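Residue numbers (the numbering used here), protein chains in the order written: chain A, 77 to 399; chain B, 5 to 298.
Cβ atoms here follow ideal geometry from the backbone N, Cα and C, with glycine treated the same way.
For clarity, every value in this text was computed on a predicted model and none was experimentally measured.
Reviewing the structure listed below.
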Amino acid sequence: MKKLFNINWIKTLVSLILTFVIIQLLISFNIINSYLQSTLAAICINIILAVSLNLITGFTGQFSLGHAGFMSIGAYVCALITLRVQTIPGFILGVLAGAVTAAIIGVIVGLPTLRLRGDYLAIATLGMAEIIRIIFLNMDSITNGAAGLSDIPQITNWAWLFFYTAGTIIIISNFIKSSHGRACISIREDEIAAEAMGVNSTRYKVTAFTIGAFFAGIAGALYASTFNFIDPKIFGFSKSIDILVIVVLGGLGSISGSIIAAVLLGIITTYLQAFANIQMILYSLTLIIIMIFRPQGLMGSKELSLSIFSKLGDRFKPKKGRV
Amino acid sequence: MEQLLQQIINGISLGSIYALIALGYTMVYGIIKLINFAHSDIYMLGAFIGYFSMTTLKLGFIPSLLLAMVFCTITGVVIEKVAYKPLRHATRIAVLITAIGVSLFIEYTTMAIAGANVRSYPPLTGILTKSFMLGNINISMQQIIILGITIILMILLQFIVKKTRIGKAMRAVSLDSDAAELMGINVNTTISFTFALGSALAGAAGILVGIYYNSINPLMGMLPGIKAFVAAVFGGIGIIPGAMIGGYFIGIVEVLVSGYSNSLYRDGVVFAILILVLIIKPTGLLGKNSREKV
Chain A
77 MKKLFNINWI
87 KTLVSLILTF
97 VIIQLLISFN
107 IINSYLQSTL
117 AAICINIILA
127 VSLNLITGFT
137 GQFSLGHAGF
147 MSIGAYVCAL
157 ITLRVQTIPG
167 FILGVLAGAV
177 TAAIIGVIVG
187 LPTLRLRGDY
197 LAIATLGMAE
207 IIRIIFLNMD
217 SITNGAAGLS
227 DIPQITNWAW
237 LFFYTAGTII
247 IISNFIKSSH
257 GRACISIRED
267 EIAAEAMGVN
277 STRYKVTAFT
287 IGAFFAGIAG
297 ALYASTFNFI
307 DPKIFGFSKS
317 IDILVIVVLG
327 GLGSISGSII
337 AAVLLGIITT
347 YLQAFANIQM
357 ILYSLTLIII
367 MIFRPQGLMG
377 SKELSLSIFS
387 KLGDRFKPKK
397 GRV
Chain B
5 MEQLLQQIIN
15 GISLGSIYAL
25 IALGYTMVYG
35 IIKLINFAHS
45 DIYMLGAFIG
55 YFSMTTLKLG
65 FIPSLLLAMV
75 FCTITGVVIE
85 KVAYKPLRHA
95 TRIAVLITAI
105 GVSLFIEYTT
115 MAIAGANVRS
125 YPPLTGILTK
135 SFMLGNINIS
145 MQQIIILGIT
155 IILMILLQFI
165 VKKTRIGKAM
175 RAVSLDSDAA
185 ELMGINVNTT
195 ISFTFALGSA
205 LAGAAGILVG
215 IYYNSINPLM
225 GMLPGIKAFV
235 AAVFGGIGII
245 PGAMIGGYFI
255 GIVEVLVSGY
265 SNSLYRDGVV
275 FAILILVLII
285 KPTGLLGKNS
295 REKV
């Protein structure tokens, strides 16, 4: 019980509730209109995707270029279920089934491919995601092929999105703080040394990969339910790249970095809509410039936390002399 | 049997193009360990410059080819100097994201200048329109030209890499860039030269694909780029003959799959073979297993 009610936990809870209430109020007063609400949904989904990819690439050091593949599994499973059961329990079941299916595929893909190192793993995961996309494209009778699934019932709202986003962040950051998480980080730092210390590297790599796939599945399910329409094109190679960009921009190995980058990129793309014809040029230039001047990402591997305010406070306090 | 031979000949033409792009990927990877995503857009630029020079400037095929290669060489070197050089000591993933940024920049700048619509190459004239019948197998002049130019360029590349001073420097830098620098090799010049060579080959591939398939658009580089990279990994990345073998293999498999079964599965089969090869031989077909030292 002591652990459950410590001061950090209460701080986290209060800031979560505040975030939720403030944005809910902004929605109720229509300051966040329906257009901005879809941006908000996209940001939440991107946060889930980026945080889960950060677990694989940032913390465990396994370079994956196939995150959109897991997302598409979640999206299709959830869409197919909610199209048949158009209720809230159907939606909950759909999200869960999507995530679990993605996790199972994650294990199946991860076991053989995670033996590969570095860029070879990246290309293998890229190939895997493309194969998943091509399978969806060819299962005409179930997935409606290239035309995609439309009229998926829209059940998600801000409360659902917030619940899943906050849940993802809490679960993954707690995983990283656990002994399993430390094992994953040790694999990133030096796989051979980690193995020498008795870390079963294959097991932890597959675990991280599976958890990442699970949450990517949730993100896909939320995507299907928010935007009512999915087709295989959405989950192509460029979607995986988009997720990787958020993770690297935020900083590999920084969960708060991923969140900040997802929010920033969401806002930037919304404002760039006004310059539709040069939107992508400006986006790519931003990307190049940020990477040249800050190659470690916005946050590096540091985390932003409430303690930063107390640290700032310390700076202005008179320093105590050493005894 | 005849159909099989015909398909293989078509596959060789496609494979030549993949091989030319894959060479650029593999050389750049070999020297700075970067998956140069912008490489596929250099190939696209080559196709557009070829189009521009054949239609607006009304140049012939060979001058257009040379123009495209020169333009792509310059672009490749400029990209390296502006975007990748400041990141020489950054993490590899940061350079990778920069490469993605450069790739998007080239694609959408081309789209802003030339428009997003598909353009078709001018109809071929003279000797280019001929085709030969070998028994029942049809070989078009374009296919012969594609194969011929690819072979010439590959021999030239092998000569540069194996016989010249700068080629020796390239091999030295890719083996160990710190040691190469200590031996007095200018690493930056060598890297720029590698980009120049790779980009010239990609430019040639672009114009060849233009005359072969006739249609070009600003996003045409994406999929062939990925497949060419797959070809490079398949043959063992960083190894020049590996990229050639990989390119031809991927090209032939692709044409055979679309010829004998559903063409929608074409890309799936390519990636499935890649994953199998990697699982059986993690460093690619010609890759050597390096012992890890602690």
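Is the Cβ of Val106 (chain B) closer than 8 Å to any Cβ of chain A?
Locating residue 106 (chain B) in the second sequence gives position 102, where the first residue counts as 1. Yes, Val106 (chain B) counts as interfacial toward chain A.
Tell me which residue opens and which closes the beta strand (DSSP E) that Phe136 (chain B) is part of.
Residue mapping note: residue 136 (chain B) aligns to position 132 of the second sequence, counting from 1. Residues 135 to 138.
Work out the CA separation of Gly214 (chain B) and Ile164 (chain B) for me, nearest whole Å.
As a first step, residue 164 (chain B) is located in the second sequence; it is residue number 160 there, counting from the start. As a first step, residue 214 (chain B) is located in the second sequence; it is residue number 210 there, counting from the start. Those two C-alpha atoms are separated by around 27 Å.
Any 3 or more C-beta pairs closer than 8 Å across the segment 134 to 154 of chain A and the segment 196 to 211 of chain A
yes
Between which two residues does the beta strand (DSSP E) carrying Ile336 (chain A) extend?
Residue numbering aside, residue 336 (chain A) sits at position 260 when the first sequence is read from its first letter. Careful: Ile336 (chain A) lies outside any beta strand (DSSP E), inside the alpha helix (DSSP H) at 331 to 348.
Using DSSP with H/G/I as helix, E/B as strand and the rest coil, what is Ser144 (chain B)?
Against the second sequence, residue 144 (chain B) aligns to sequence position 140. If DSSP states are grouped into helix, strand and coil, Ser144 (chain B) belongs with the strands.
Is the beta carbon of Phe52 (chain B) sitting closer than 8 Å to the one on Ile220 (chain B)?
Taking the second sequence and counting its residues from 1, the one referred to as residue 52 (chain B) is at position 48. Taking the second sequence and counting its residues from 1, the one referred to as residue 220 (chain B) is at position 216. Cβ distance < 8 Å, so Phe52 (chain B) and Ile220 (chain B) count as in contact.
If you count every other CB in all the chains shown that lies within 10 Å of the CB of Pro308 (chain A), and 16 or more means buried, which is it?
Here residue 308 (chain A) is taken as the residue at index 232 of the first sequence, counted from 1. That one is buried.
By the DSSP assignment, the alpha helix (DSSP H) with Ala223 (chain A) in it spans what residues?
Locating residue 223 (chain A) in the first sequence gives position 147, where the first residue counts as 1. From DSSP, Ala223 (chain A) is part of no alpha helix (DSSP H); its letter is neither H nor E.
What does a CB cutoff of less than 6 Å around Arg398 (chain A) pick up in its chain, not counting 5 residues either side in sequence?
Sequence index remark: in the first sequence, residue 398 (chain A) carries index 322 (1-based). Model confidence at Arg398 (chain A) stands at a pLDDT of 49, short of 50, so the residue's coordinates are unreliable; what they give is reported in the following sentence. There are no such residues.
Beta-carbon within less than 8 Å of Met77 (chain A)'s beta-carbon, same chain only, minus the 5 sequence neighbours each way: which residues are those?
Taking the first residue of the first sequence as 1, we reach residue 77 (chain A) at position 1. Residue placement at Met77 (chain A) is poorly supported in this model, since its pLDDT is 48, which falls under 50; the coordinates still yield a value, given next. If we look at Met77 (chain A) and ignore the five residues flanking it on each side, it has no Cβ neighbours.
Could you run through the segment 207 to 225 of chain A and flag, in chain order, every residue whose CB is less than 8 Å away from some CB of chain B?
Ile207, Ile210, Ile211, Leu213, Asn214
Quick one: grab the DSSP three-state call for Val274 (chain B).
Locating residue 274 (chain B) in the second sequence gives position 270, counting from the first residue. Three-state result, Val274 (chain B): helix.
Name the chain B residues whose beta carbon is nearer than 7 Å to that of Val324 (chain A)?
Against the first sequence, residue 324 (chain A) aligns to sequence position 248. By Cβ distance, chain B contributes Ile97, Ala98, Ile101.
Nearest-angstrom Cα distance between Leu49 (chain B) and Thr194 (chain B)?
As a working mapping, residue 49 (chain B) is identified with position 45 in the second sequence. As a working mapping, residue 194 (chain B) is identified with position 190 in the second sequence. The alpha-carbon atoms of Leu49 (chain B) and Thr194 (chain B) are separated by roughly 23 Å.
For His93 (chain B), count the other beta carbons within 10 Å of its own beta carbon; 16 or more makes it buried, fewer makes it exposed. Which is it?
One-based indexing of the second sequence puts residue 93 (chain B) at position 89. Its Cβ having fewer than 16 others within 10 Å, His93 (chain B) is exposed.
Under 9 Å Cβ-Cβ, which residues of chain B neighbour Phe313 (chain A)?
Within the first sequence, the letter at position 237 stands for residue 313 (chain A). Under the 9 Å cutoff, chain B gives Met226, Leu227, Ile230.
Cβ of Val191 (chain B) less than 8 Å from any chain A Cβ?
On the second sequence, residue 191 (chain B) is found 187 positions in, with the first residue counted as 1. Judged by the 8 Å Cβ criterion, Val191 (chain B) is not in contact with chain A.
Does chain A have any CB closer than 8 Å to the CB of Gly50 (chain B)?
For the purposes of this step, residue 50 (chain B) is identified with residue 46 of the second sequence, where counting begins at 1. Not closer than 8 Å to any Cβ of chain A, the Cβ of Gly50 (chain B) fails to qualify, so no.
Using a Cβ-Cβ distance cut-off of 8 Å, determine whether Tyr269 (chain B) contacts chain A.
Here residue 269 (chain B) refers to the residue found at position 265 of the second sequence. Chain A, which has a Cβ nearer than 8 Å to the Cβ of Tyr269 (chain B), makes this yes.
How far does the alpha helix (DSSP H) with Tyr240 (chain A) in it extend, from its first residue to its last?
By 1-based counting over the first sequence, the position of residue 240 (chain A) is 164. Where Tyr240 (chain A) is concerned, the enclosing alpha helix (DSSP H) stretches over 234 to 253.
On a CA-only basis, which of A:Ile119, A:Gly134, A:Trp85, A:Ile123 is nearest Ser32 (chain A)? Give me that one, please.
Here chain A comprises residues numbered 77 to 399, so residue 32 (chain A) is not present and cannot be evaluated.
Those runs of the beta strand (DSSP E) which lie wholly inside the segment 198 to 226 of chain B and span at least 3 residues:
none
Pull the bridge partners of Arg123 (chain B) from the DSSP assignment, please.
On the second sequence, residue 123 (chain B) is found 119 positions in, with the first residue counted as 1. B:Ile220.
What residues in the segment 174 to 191 of chain A have a beta carbon less than 8 Å from any beta carbon of chain B?
Pro188, Thr189, Arg191
Helix or strand or just coil, what does DSSP make of Ile306 (chain A)?
Here residue 306 (chain A) refers to the residue found at position 230 of the first sequence. Residue state, collapsed to three classes: strand.
Could you spell out the range, first to last residue, of the alpha helix (DSSP H) harbouring Asp195 (chain A)?
For the purposes of this step, residue 195 (chain A) is taken as residue 119 along the first sequence, with counting starting at 1. Its alpha helix (DSSP H) spans residues 194 to 214.
Length of the line joining the Cα atoms of Ser377 (chain A) and Thr177 (chain A):
Position 301 of the first sequence, counted from the start, is the residue given in the question as residue 377 (chain A). Position 101 of the first sequence, counted from the start, is the residue given in the question as residue 177 (chain A). Going from the Cα of Ser377 (chain A) to the Cα of Thr177 (chain A) covers about 31 Å.
Ala120 (chain B) and Pro222 (chain B) closer than 8 Å at C-beta
Your numbering for residue 120 (chain B) matches position 116 in the second sequence. Your numbering for residue 222 (chain B) matches position 218 in the second sequence. In this structure, Pro222 (chain B) lies closer than 8 Å to Ala120 (chain B) by Cβ.
Within the continuous alpha helix (DSSP H) that includes Ile241 (chain B), where are the two ends?
Numbered from 1 along the second sequence, position 237 holds the residue referred to as residue 241 (chain B). Run containing Ile241 (chain B): none; DSSP gives neither H nor E here.
Alpha carbons only, please: which of A:Gly373, A:Ser301, A:Gly293, A:Gly296 is nearest the one belonging to Val321 (chain A)?
As a working note, residue 321 (chain A) is residue 245 in the first sequence. Measuring from the Cα of Val321 (chain A), the nearest candidate turns out to be A:Gly373.
Taking Cβ-Cβ distances shorter than 8 Å, what residues in chain A pair up with Thr154 (chain B)?
Translated into positions along the second sequence, residue 154 (chain B) becomes position 150. Ordered by position in chain A, no residue passes the 8 Å Cβ test against Thr154 (chain B), which lies about 24 Å from the chain.
For the segment 62 to 88 of chain B, list every residue whose C-beta sits within 9 Å of some C-beta in chain A, in sequence order.
Val86, Ala87
Contact check, Lys85 (chain B) vs Ser196 (chain B), beta carbons under 8 Å
Working through the second sequence from its first residue, we reach residue 85 (chain B) at position 81. Working through the second sequence from its first residue, we reach residue 196 (chain B) at position 192. Cβ distance < 8 Å, so Lys85 (chain B) and Ser196 (chain B) count as in contact.
When B:Phe56, B:Val82, B:Leu38 are compared against Leu70 (chain B), the one with the closest alpha-carbon
Locating residue 70 (chain B) in the second sequence gives position 66, where the first residue counts as 1. Ranking B:Phe56, B:Val82, B:Leu38 by Cα distance to Leu70 (chain B) puts B:Phe56 first.
For Met58 (chain B), the nearest candidate out of B:His43, B:Leu9, B:Leu128 (CA to CA)
Indexing the second sequence from 1 puts residue 58 (chain B) at position 54. Measuring from the Cα of Met58 (chain B), the nearest candidate turns out to be B:Leu128.
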